[in-house]
Amino acid sequence: MSKTNAGRFFEHYTVGETIHHAVPRTVGASERALYHALYPARHALYSSDQFAQDCGLTASPLDDMIAFHIIFGKTVPDVSLNAVANLGYAQGRWLKPVWPGDTLRSQSKVIGLKQNSNGKTGVVYVRTTGLNQHDEPVLEYVRWVMVRKSNVDTPAPETVVPDLPKALDPADLVIPEGLDFTNYDTTLAGEPHRWGDYEVGEKIDHVDGVTVEEAEHMIATRLWQNTAKVHFDTSARPDGSRLIYGGHVISMARALSFNGLANAQMVVGLNGGAHANPCLSGDTIRAWSEVLDKAETSHPGVGAIRLRLVATKGGDAFALRGEDGKYLPDVLLDLDYWALIPL
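So the sequence shown is numbered by this note's numbering: it starts at -3 and just counts up by one.
Listed below in structure tokens is the structure:
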């Protein structure tokens, strides 16, 4: 009997089953240091204990995307080791800050299956929950992945496609306990623009670009313990290239968005997202954002802003889809999220 894990294939999933993922991981300040070395991340609340304390928190938590990457990485051996592509996200909520010293683990429930017409692959829908050492949920999200079949003759399962809302209601966003932007210091944060300075429909070109390097991508993907073959093994893709982990693009674009959205401090909701085209080493990532919605919250001085974050590798600023409705070839990421910003 083989002792190695070849990963699950499409026919190995059952709607309703819960998968408990290995291996728990204790995180610390080193994760923050590496994150800020890999990406141009500099949002003040995740950079300074003093700034975070002035905003009502006990200290600076770890960056929201650190939690996402670590919890996501745990799921890869069981969900996407044999994936062709990670197709999308929905219903993501950051439920509690992650602090240095916390231990994170993940579990996923299979909520949908749909075999593709070619009979060789299928789409697996999972709802993943990240928990800390107190068994408290810190993050939850839905994602769907196209996964290969190991035996094309295996009968297709009954099709179950979950009904996923297009966006989270602002009332469902979880604001960290104690967060208070009443005395928010825009000078220290880096920009003067607050909630009231943004208009729905406004588009912001974040100006800067970062060229993706093979070495940095490999460090990042190992840091998040993501074991997907397409990120490491050049024989896993027909063209012999290593696919840049989609989360690497998310973090790079989020960091680039600082220029124009420096006060969008905390990501608390993920409405949806798509990795529109593959990103490869040597591509230069640029980003732009569109303001989709705004809402007030019950916390003092805290507003919520819904943003579309688009990462590209060139092309015209603010271009997204062609006349056929498909993403333009230069578009890498289309992400819809809620962030917290001072009123």
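Note that the Cβ used here is the ideal one computed from N, Cα and C, for glycine as well.
Per-residue DSSP class, three states only, for residue i
i: Lys309; result: coil
i: Asp59; result: coil
i: Gly268; result: strand
i: Glu198; result: coil
i: Val94; result: coil
i: Asp50; result: helix
i: Arg38; result: coil
i: Val170; result: coil
i: Ala300; result: strand
Through-space distance from residue j to residue i, alpha-carbon basis
i: Thr182; j: Gln87; result: 30 Å
i: Thr155; j: Tyr333; result: 29 Å
i: Ile107; j: Ala18; result: 20 Å
i: Glu209; j: Ile215; result: 10 Å
i: Phe5; j: Ile62; result: 28 Å
i: Arg123; j: Pro188; result: 38 Å
i: Tyr31; j: His213; result: 12 Å
i: His244; j: Thr217; result: 8 Å
i: Val148; j: Ala283; result: 40 Å
i: Asp235; j: Asp279; result: 16 Å
i: Pro274; j: Ala81; result: 9 Å
i: Leu328; j: Leu257; result: 20 Å
i: Val203; j: Asn255; result: 7 Å
i: Thr342; j: Ser146; result: Lying before the first or after the last residue shown, residue 342 is absent from the chain, which here runs from -3 to 339.
i: Glu116; j: Ile281; result: The residue you asked about is not Glu; residue 116 is Lys in the sequence shown. Approximately 32 Å, taken between the alpha carbons.
i: Val301; j: Lys(-1); result: Looking at the sequence itself, residue 301 is Ile, so the reference to Val does not match. Straight-line Cα distance between these residues: approximately 49 Å.
Bridge partners - residue i, DSSP secondary structure assignment
i: Met262; result: Leu336
i: Trp140; result: Gly84 and Tyr121
i: His16; result: Gln103
i: Met327; result: Per the sequence shown, residue 327 should be read as Val rather than Met. Thr308.
i: Val206; result: Ile281
i: Thr22; result: Thr99
i: Gln111; result: Gly118
i: Pro133; result: Leu127
With 16 other Cβ atoms within 10 Å as the buried cut-off, status of residue i
i: Gln285; result: Per the sequence shown, the amino acid found at residue 285 is Ser instead of Gln. So Ser285 counts as buried.
i: Lys92; result: buried
Q: Could you tell me whether the stretch 32 to 47 touches the stretch 123 to 133, using the rule of 3 or more Cβ pairs below 8 Å?
A: no
Q. Quick one: any contact between the stretch 231 to 243 and the stretch 310 to 319, if contact means 3 or more CB pairs under 8 Å?
A. no
Q. Is the stretch 217 to 234 touching the stretch 62 to 77 in the sense that three or more CB pairs, one from each, lie closer than 8 Å?
A. yes
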